[in-house]
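Peer 1:
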Amino acid sequence: MMITSPGYKVFRFAALTLIVLVLVLPIVWMVLAALKTNVDIYDASKTLIFTPTFENFDKVFAQGNFGQYIINSGVIAIAATGLSLVLGVPAAFAMSRFVMNKSALVVLMARVIPGVSLLVPWYYLFSQMRLVGSYWVLILSHMFVSLPLIVYIMMGFFDGLPVELEESGEVDGLTPIGSFWHLMLPLSTPGMATAGILSFIFSWNNFMFALVLSSASTKTLPVAIYDFIGYAAIDWGALMAASTVVTVPIMVIALFTQKYIVSGLTAGATKG
């Protein structure tokens with residue numbers, strides 16, 4: 019039974035307000051700092067009232083070559099997500115329909131393995147293949163996390179789709195592959211959208227793999243931000259401007275695709 023007492027409503031409002039403040043205040047501070055000079059950032063009296071400047075953004079795009087880094091991050095994130103969907107969706111369907119629980123456990127283990135434990139063998143392997151510093155090494159390394167994530171989400175989604183739909187398609191003359199392609203795949207669009215969005219966000223934000231495996235020509239945005247941290251000083255204004263450039267696209271994507279994420283996760287959480 020839902021609690022509707024005045025005390026509960028006050029508590030709920032206070033709790034939600036506190037959570038929103040904790041989540042939003044760092045982002046607000048980041049954006050405000052990006053519009054300040056380094057002197058104003060250290061001046062507590064100018065926390066909210068200050069003269070805004072776009073000097074930091076000019077510095078980021080003029081000196082930091084951020085246009086190329088945005089292209090690098092976009093290419094790697096889109097390619098890793100697309101290839102993971104192509105491989106992961108059919109694999110998830112097979113694991114779901116044939117109840118391959120052991121294979122699903124292996125996929126889950128790959129998802130939880132710390133990525134840092136793989137960097138040394140990856141670097142050695144890819145250096146022998148002369149791939150270090152290329153787009154492919156970053157795409158493949160990101161797929162190591164994206165592919166298990168997509169498989170695990172899509173397995174739950176396919177578990178919620180009734181087998182009778184496939185049987186009805188086969189009665190109408192479709193092969194098992196045709197039934198998957200023409201019936202199950204269109205119905206799994208919300209799940210694929212959810213998995214694809216989460217995979218893209220991971221790839222866009224990844225720092226560790228790109229730090230070790232990228233080169234100057236394939237550097238991504240999270241690694242480029244690190245360049246504003248010097249040995250003797252930190253350029254906080256440029257750092258916050260670069261962080262804003264990295265964060266805003268993901269926030270916009272999450273804002274406009276949240277209904278797909280919620281519907282996909284909800285559908286994958288039910289079995290019928």
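Going by our numbering, the first residue of the sequence shown is number 19, and it counts up by one from there. Even for Gly, the Cβ is constructed at its ideal location relative to N, Cα and C.
Which residue comes first and which comes last in the alpha helix (DSSP H) that contains Gly-196?
Peer 2: 194 to 197
Peer 1: So, using beta-carbon positions, are Leu-156 and Ile-89 closer together than 9 angstroms?
Peer 2: no
Peer 1: For Ile-252, list the residues DSSP reports as bridge partners.
Peer 2: Ile-247
Peer 1: Taking the CB atoms as reference points, tell me whether Gly-196 and Gly-209 lie closer together than 9 angstroms.
Peer 2: Contact flag unset, no.
Peer 1: For the segment 169 to 188 and the segment 259 to 276, state whether three or more C-beta atom pairs, one from each stretch, are separated by less than 8 angstroms.
Peer 2: no
Peer 1: Along the chain, where does the alpha helix (DSSP H) that runs through Phe-227 open and close?
Peer 2: 226 to 231
Peer 1: According to DSSP, is Ala-234 part of a helix, a strand, or is it coil?
Peer 2: coil
Peer 1: Label Ile-37 either buried or exposed according to how many other C-beta atoms from any shown protein chain fall within 10 Å of its C-beta, with 16 as the threshold for buried.
Peer 2: exposed
Peer 1: Assuming Ile-157 is part of the alpha helix (DSSP H), what are its boundary residues?
Peer 2: 153 to 177
Peer 1: Quick one: what's got a C-beta closer than 8 angstroms to His-200's C-beta in the same chain, skipping five residues either side?
Peer 2: Gly-187 and Leu-192
Peer 1: I'd like the list of long-range same chain contacts for Val-78, defined as Cβ closer than 6 angstroms, with 5 residues on each side in sequence excluded.
Peer 2: Excluding residues up to 5 positions away in sequence, Phe-84, Ala-256, Ala-259 and Ala-260 lie with their Cβ nearer than 6 angstroms to the Cβ of Val-78 in the same chain.
Peer 1: Leaving out five residues before and five after Val-49 in sequence, what residues of the same chain have Cβ atoms less than 6 angstroms from its Cβ?
Peer 2: Thr-262
Peer 1: Report buried or exposed for Asn-119, applying the criterion of at least 16 other Cβ atoms within 10 angstroms of its Cβ.
Peer 2: exposed
Peer 1: For Pro-132, which of helix, strand or coil comes out of DSSP?
Peer 2: If DSSP states are grouped into helix, strand and coil, Pro-132 belongs with coil.
Peer 1: Ends of the alpha helix (DSSP H) at Ser-105?
Peer 2: Here residue 105 turns out to be Leu, not Ser, going by the sequence shown. Looking at the DSSP string, the run of the alpha helix (DSSP H) that includes Leu-105 is 84 to 115.
Peer 1: My output table needs one value for Ser-23: the three-state DSSP class, helix, strand or coil.
Peer 2: Ser-23 sits in coil when the DSSP states are folded into three classes, being neither helix nor strand.
Peer 1: Which same chain residues end up closer than 8 angstroms to Met-202 when comparing Cβ atoms and leaving out the 5 residues on each side of it in sequence?
Peer 2: Phe-111, Phe-176, Leu-179, Leu-183 and Glu-184
Peer 1: In whole angstroms, give me the CA-to-CA distance for Glu-73 and Phe-246.
Peer 2: 15 angstroms
Peer 1: Ile-67 to Ala-52, Cα distance in whole Å?
Peer 2: 14 angstroms
Peer 1: Could you tell me the boundaries of the alpha helix (DSSP H) in which Gly-209 lies?
Peer 2: 207 to 223
Peer 1: According to DSSP, is Val-150 helix, strand or coil?
Peer 2: coil
Peer 1: For the 8 angstroms Cβ check, are there 3 or more pairs between the segment 98 to 107 and the segment 158 to 170?
Peer 2: yes
Peer 1: Consult DSSP for Pro-70 and reduce its assignment to one of helix, strand or coil.
Peer 2: coil
Peer 1: Rounded to the nearest angstrom, what separates Pro-240 and Asn-223 at their Cα positions?
Peer 2: 6 angstroms
Peer 1: My understanding is that Gly-133 touches Phe-227, with C-beta atoms under 8 angstroms, so please give their C-beta distance in whole angstroms.
Peer 2: 7 angstroms
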